[in-house]
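Here the structure comes first, spelled out in structure tokens, and everything after it is commentary.
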Amino acid sequence: MRAWLSLAAAALLRDREMLNSANVFPVADSDTGTNMSVTLRAAAQGAGATPGEAGAAELLAGASRWALNGARGNSGVILSEWIRGIALAAGQNLASAGSGGGAKPRQSLSLGQALASAAEGARNAVVDPAPGSILTAMQAAADAALDAEAKSLSEHEVIAAAVAGARVAAGNSPLESAVLAKSGVLDSGACGFVLVLAALEAILANVAANVAQVSLGFELFQPDIGEGNTEEGFEVIFNLARPAGALDYQAGGVVKLLREQLASLGNSVVVIGGSATEIDIPDCVNQDKVIPSIWHAHVHVAELGPVLKLIDNWRAQGEITGEQVRFLGAIHGPVEIWAAVADPAVARELAEFGVTVQILGPDEGEKGRGAADFAASLQNEVSPDILALVPREVGAAAVQSELDGQRAAIGLEPLPEQILLVECENEAAIVALLLASVAEDDIDAWDSSGANPADDSVLAEETAALPEAQKSLFKAARTRTTAVSAPWEQLQTKLNEFLAPADAQLVVAMLPPDAPEDLSDNLAAACEAAGAEFFGLPLHNAGTAELAVVRRA
431 MRAWLSLAAA ALLRDREMLN SANVFPVADS DTGTNMSVTL RAAAQGAGAT PGEAGAAELL
491 AGASRWALNG ARGNSGVILS EWIRGIALAA GQNLASAGSG GGAKPRQSLS LGQALASAAE
551 GARNAVVDPA PGSILTAMQA AADAALDAEA KSLSEHEVIA AAVAGARVAA GNSPLESAVL
611 AKSGVLDSGA CGFVLVLAAL EAILANVAAN VAQVSLGFEL FQPDIGEGNT EEGFEVIFNL
671 ARPAGALDYQ AGGVVKLLRE QLASLGNSVV VIGGSATEID IPDCVNQDKV IPSIWHAHVH
731 VAELGPVLKL IDNWRAQGEI TGEQVRFLGA IHGPVEIWAA VADPAVAREL AEFGVTVQIL
791 GPDEGEKGRG AADFAASLQN EVSPDILALV PREVGAAAVQ SELDGQRAAI GLEPLPEQIL
851 LVECENEAAI VALLLASVAE DDIDAWDSSG ANPADDSVLA EETAALPEAQ KSLFKAARTR
911 TTAVSAPWEQ LQTKLNEFLA PADAQLVVAM LPPDAPEDLS DNLAAACEAA GAEFFGLPLH
971 NAGTAELAVV RRA
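With the numbering used here applied, the sequence shown corresponds to residues 431 to 983, in that order.
See below:
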């Protein structure tokens, strides 16, 4: 199991840009390969973190829990639920084999039945399943495996049939989806799933198989991204954990309610997970460890406010972690930028700029959970260059310490990505730093070919230099950025102090809801008189105002 998950993760990592380039459904945001790679990497880490004496069923249970927490995007969340379905089947097989003492054994599941159960679970997790997608490939693989078993074929022949079935479904995906047919490309999620199954086939043939032995088996065409579903809005994901003994909902009640609530706010709704007791593994190594029930939710919404309010309502009934926001219409450059912030208004502003935003819960900075949660998200990432902007209340050093500790605990070799953690005084400083760095970017890194491999507007040698160039810009702007948090009544005085040296280039002011309506206009007028650009943002949360200034180089 460890070998399969590691090989599948390696294959998805190798082909992630190819899969990204084919991503036009459900939204043409060029991240399906990355999302599936991140999810499988988390699953492989979960298997690696499971004690060495554990059996296959327990390894899969560990992989399932890690994949659920680390799932990214629509396709990644569906893949996570499919892995959970395999884990449930493995646990049922072990429970059946270990039944004794007069207990009635449960029916053991074959490989084909396990694939069928996993495909059904993945389909049920999606509120509005679409034909020609990864779900279609999962079902086709299960059907082919069951047919092979009916012919009494060997286990290796059964998985070979499953791979062939998934390949046929992926190849036929444009026949079932008008979006794919118009773009002239196969479904990227279905193709990624083919790689996952092909890795299992390779491992069953040779446990020492390498990534060169895992192939898609067909060519993907380069799509016209403009002809895909160019829906704009926000992708929101989060994890909900509740005590294993919480009984205020009937079995399946949490996932049912979450799906209904999210479906009323947006689309592409997927909710996975459930009770930890569903994966029943007798005599497992960690049988005395209490594991909370965990759900992972994914939705696309036009407006952030309602869904963030919904998530806050669930905080009273469990622990929310991994709450992230991405803008569906963003064009990503060669450096992936992350930021940890608490205010929804700041989250929206940064997300629309192409930043992946992790939203901090109430008092996360003081409790220290913010650093651990942010690090847990970062350590799953597969992008070669990540720049993470961290407010001082969370602390870059705390995030780095958590990141190092989590990676060491996994027992796997980390990817050679370069993560630069930049600590900022407050959230206003994060916004100021981002705006100042982009304004000074002479090599147009932010509009480069990062989202479209076919774009040759940036020379190869310049593209190779972009990541370090972008990081240098942030480092330089950081040294010239000053910020303060204060009651709004003191903001005009604080701004006058910032403007006194007459070298301010950019001023960012964030005002709480109780600030006077004309305060932003007054601050803007003072900046204009001093020759500084002004950016005002009304905060969503009540509290202190924030001010940041970037001085001229």
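All C-beta atoms, glycine included, are put in the ideal place defined by N, C-alpha and C.
Query	Result
Could you pull out every residue in the same chain whose Cβ sits closer than 6 Å to the Cβ of A932, ignoring the five residues on either side in sequence?	none
Please state the DSSP three-state secondary structure of V557.	coil
Could you please give the first and the last residue of the uninterrupted alpha helix (DSSP H) stretch that includes H586?	E585 to G601
Pick from E766, A975, P774 and N450: whose alpha carbon is nearest that of E753?	P774
In this structure, does DSSP put A826 in helix, strand or coil?	helix
State yes or no: is the C-beta of S618 within less than 8 Å of the C-beta of G463?	yes
Consider the Cβ of A769: report whether some Cβ of chain D lies at a distance smaller than 8 Å.	Looking at the structure shown, chain D is missing, and only one protein chain is on hand.
Near S957, which residues of its chain fall below 6 Å by C-beta distance, leaving aside the five closest residues on each side in sequence?	Checking the sequence, you will find Cys at residue 957 rather than Ser. So the list reads V937 and F964, once near-sequence residues are dropped.
How many Å lie between V556 and V699 at the Cα?	6 Å
Rounded to a whole number of angstroms, what is the C-alpha to C-alpha distance between G735 and N697?	15 Å
Just to confirm my understanding: we take N450, look at its own chain, exclude 5 residues before and 5 after, and list those with CB closer than 7 Å. What are they?	S460, D461, T462, G463 and T464
Taking only the alpha-carbon atoms, compute the straight-line gap between K581 and A479 and give it to the nearest angstrom.	38 Å
Does DSSP put T912 in a helix, in a strand, or in coil?	strand
How would you write the range of the alpha helix (DSSP H) that G735 sits in, first residue to last?	L734 to R745
Buried or exposed: V637, going by 16 or more other Cβ atoms within 10 Å of its Cβ?	exposed
With a threshold of 16 other CB atoms inside 10 Å of the CB of N971, please say whether the residue is buried or exposed.	exposed
Do G551 and R597 have their beta-carbon atoms positioned less than 8 Å apart in this structure?	no
Could you spell out the range, first to last residue, of the alpha helix (DSSP H) harbouring N952?	L949 to A959
Starting from R756 and walking both ways along the beta strand (DSSP E), at which residues does that stretch end?	E749 to F757
Can you confirm whether the region 809 to 820 touches the region 464 to 474 when touching is taken to mean that 3 or more C-beta pairs between the two stretches lie within less than 8 Å?	yes
Just to confirm the assignment, what range does the beta strand (DSSP E) spanning L819 have?	D815 to P821
Determine the DSSP secondary structure at E662, reduced to helix, strand or coil.	coil
Just how far apart, CA to CA, sit S607 and E749?	38 Å
Just checking my contact of K924 with L977 at CB under 8 Å: how many whole Å lie between their CB atoms?	5 Å
The alpha helix (DSSP H) that contains E447, what's its start and end?	R446 to S451
Nearest-angstrom Cα distance between A642 and R778?	41 Å
On the CB-based measure, 16 or more other CB atoms within 10 Å of its CB, does T911 come out buried or exposed?	buried
So, L967 versus V776, is the Cβ gap smaller than 8 Å?	yes
Per DSSP, which residues does T786 bridge with? Please list them.	W768
Note down, in chain order, each residue of its chain lying with its Cβ closer than 7 Å to the Cβ of V787, except the 5 sequence neighbours on either side.	Q754, V755, A769, V771, A777, L780 and A781
Are the beta-carbon atoms of A574 and A591 separated by less than 8 Å?	yes
Pick from L625, I516 and E662: whose alpha carbon is nearest that of M448?	L625
Alpha carbon to alpha carbon, how far is L498 from A913? Give it in angstroms, no decimals.	38 Å
Residues bridged to L941 by DSSP?	P968
Ends of the alpha helix (DSSP H) at L489?	A486 to G500
In or out: R982 buried (at least 16 other Cβ within 10 Å) or exposed?	exposed
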